[in-house]
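**Q** Sharing a structure, written as structure tokens. Questions coming.
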Amino acid sequence: MPRPATHYDTQLIKRFGSIDAFHALRNSPDPAEWSPALDHIRLTENEKTLEELRSRLWTLTATGNYPRTGLIAQLDPVLNDMSELVDLRDDIALSLEQRLGLPAPEHEPAHMFDPHWHLTPAIGTARTTKAGPLSHMGPGPETHTPPPKAALSGFDARIEALVGDLDQLRALTDQPQADPALRELNNSHLTLSNAELVCLFYRMRINALTNGRWYVDGPLVTTICQAITALETHITDRDDHARALEQRLAQLEADAARDPARAAALMSAAPPTAVPAGSGDRCAAAQAVSPAAQHYGSATTAETVTPTPPNAAPAPERRR
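In the working numbering, the protein residues as written are 36 to 355.
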């Protein structure tokens, strides 16, 4: 069964028999009939457009899609359009509820990166946007979503071709005699991986909040605008970190091509035992995003970027 186009569809089908029958009222001469029908049509189109924007946002901000000239310029209008559509959706839904006397739809569970990052209603509001339990989580308040374990950097394969694997790179740079160039490469990669995971958090947050279809909720609109602004900022930072890593990696690759003996020397300080899986950048980056992720590893010396909790400060004005 296809997913309803809006969160009001079940109520409308009960009242009018079908969505098509309700939409047919747009041809009625009575404004009390055609106005809500047009509101619902607009709301349906709004949801379709938001779905397209979410898909484009996911593509433009995908792992490894950097550094690329013009990417930020392509992303900015997508974020602006999404912010405007969320605001418009709120207005249309309010109009539809008022014209037909519809009860507000219940909130849906938000598939967030971390269940402890949730929305809170503004003081004096009747609605609640506090997320319910995650559908895929087990019982108990101490259950946490594990951090991703997939490659977080588009440069991982190139680094592994140069020094073996990422765990070995971490181990090499922990040795007193480690090559300074390797230390810089390691720190650059950790910084980029941390930035990548912060961006992943905001990508997932925006996707969840704009697809949750909580309507007529000013605090939610504000929270989405905050997340959009944060993603734009962190995507720009990620691009800067990627360019820095690209320069360091390209220099090491060029040096290794000119002097194979130096390439072999880069590996000479490798310890006899492997670094345990789960250490390093993935855990550190997860901790930068979520306090709950501290269960999964220890901090590193890499630069971390901690996102601001949604309601910690007023949202920047994005509507243009």
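Glycine included, every Cβ here is placed at the ideal spot set by N, Cα and C.
If you drop the 5 nearest sequence neighbours on each side, which residues of the same chain put their C-beta closer than 7 Å to that of ALA230?
**A** The answer, listed in chain order, is HIS269, ASP272, ARG273, HIS276 and VAL340.
**Q** Between ALA312 and ARG205, what straight-line distance do the alpha-carbon atoms span, to the nearest angstrom?
**A** For ALA312, the predicted model reports a pLDDT of 43, less than 50, meaning its position is unreliable; a value from the coordinates is still stated below. Going from the Cα of ALA312 to the Cα of ARG205 covers about 11 Å.
**Q** In whole angstroms, give me the CA-to-CA distance for ARG193 and ARG293.
**A** If I take the Cα positions, the gap works out to 17 Å.
**Q** Could you give the DSSP three-state label for ALA213: helix, strand or coil?
**A** Correct three-state label for ALA213: coil.
**Q** Using the C-alpha atoms, what's the distance from PRO64 back to LEU110?
**A** C-alpha separation (whole angstroms): 43 Å.
**Q** Are ILE127 and ARG61 close, meaning C-beta to C-beta below 8 Å?
**A** No, the Cβ-Cβ distance between ILE127 and ARG61 is not below 8 Å.
**Q** Given this structure, state the Cα-to-Cα distance separating HIS330 from ASP55, to the nearest angstrom.
**A** For HIS330, the pLDDT reaches just 30, beneath the cut-off of 50, and the residue's location in the model is therefore unreliable, although a value from the coordinates is still provided. The alpha-carbon atoms of HIS330 and ASP55 are separated by roughly 51 Å.
**Q** When burial is assigned at 16 or more other CB atoms within 10 Å of the CB, is ASP252 buried or exposed?
**A** By the 10 Å Cβ count, ASP252 comes out buried.
**Q** Determine the extent of the alpha helix (DSSP H) in which ASN400 is found, giving its start and end residues.
**A** Any question about residue 400 goes unanswered here, given that the chain covers just 36 to 355.
**Q** Whose CA, out of LEU137, LEU220 and GLY136, lies closest to the CA of ARG283?
**A** Nearest C-alpha to ARG283: LEU220.
**Q** Among ALA296, ASP44, GLU195 and TYR101, which one has its Cα closest to the Cα of HIS75?
**A** With distances taken between Cα atoms, HIS75 lies closest to ASP44.
**Q** Leaving out five residues before and five after THR208 in sequence, what residues of the same chain have Cβ atoms less than 7 Å from its Cβ?
**A** Closer than 7 Å at the Cβ level, and outside the excluded window around THR208, lie LEU217, ARG218 and ASN221.
**Q** Taking the alpha helix (DSSP H) that ARG278 belongs to, which residues open and close that run?
**A** Here the alpha helix (DSSP H) through ARG278 covers 253-293.
**Q** Kindly list the residues whose CB is nearer than 7 Å to the CB of VAL256, restricted to its own chain and excluding five residues on each side of it in sequence; keep chain order.
**A** The answer, listed in chain order, is VAL121, ASP122 and ASP125.
**Q** Does the beta-carbon distance from ALA291 to LEU201 come in below 8 Å?
**A** No, the Cβ-Cβ distance between ALA291 and LEU201 is not below 8 Å.
**Q** Could you give the distance in angstroms between the alpha-carbon of THR260 and the alpha-carbon of LEU137?
**A** At residue 260 the sequence reads Cys, which differs from the Thr that was named. Looking at the two C-alpha atoms, the distance is approximately 26 Å.
**Q** DSSP three-state call for PRO39: helix, strand or coil?
**A** Looking at PRO39 - three-state DSSP - the assignment turns out to be coil, as it is neither helix nor strand.
**Q** Identify which residue in THR245, LYS83, ALA279 and GLU87 has its Cα closest to the Cα of LEU225.
**A** Cα-wise, what sits closest to LEU225 is ALA279.
**Q** Which of the three DSSP states, helix, strand or coil, is assigned to ASN100?
**A** Residue state, collapsed to three classes: coil.
**Q** Compute the Euclidean distance between the alpha carbons of PRO39 and LEU85, then round it to the nearest angstrom.
**A** Taking the straight line joining both Cα atoms gives about 15 Å.
**Q** Report the rounded CA-to-CA distance for GLU87 versus LEU232, giving the unit in angstroms.
**A** Spanning the two alpha carbons is a distance of roughly 23 Å.
**Q** Decide if SER228 is buried, meaning its Cβ has at least 16 other Cβ atoms within 10 Å, or exposed.
**A** Answer is buried; the Cβ neighbour count reaches 16.
**Q** With a threshold of 16 other CB atoms inside 10 Å of the CB of GLU132, please say whether the residue is buried or exposed.
**A** The residue in question, GLU132, is buried, as its Cβ has 16 or more Cβ neighbours within 10 Å.
**Q** Following the continuous alpha helix (DSSP H) through ASP44, name the residue where it begins and the one where it ends.
**A** Start and end: 44-51.
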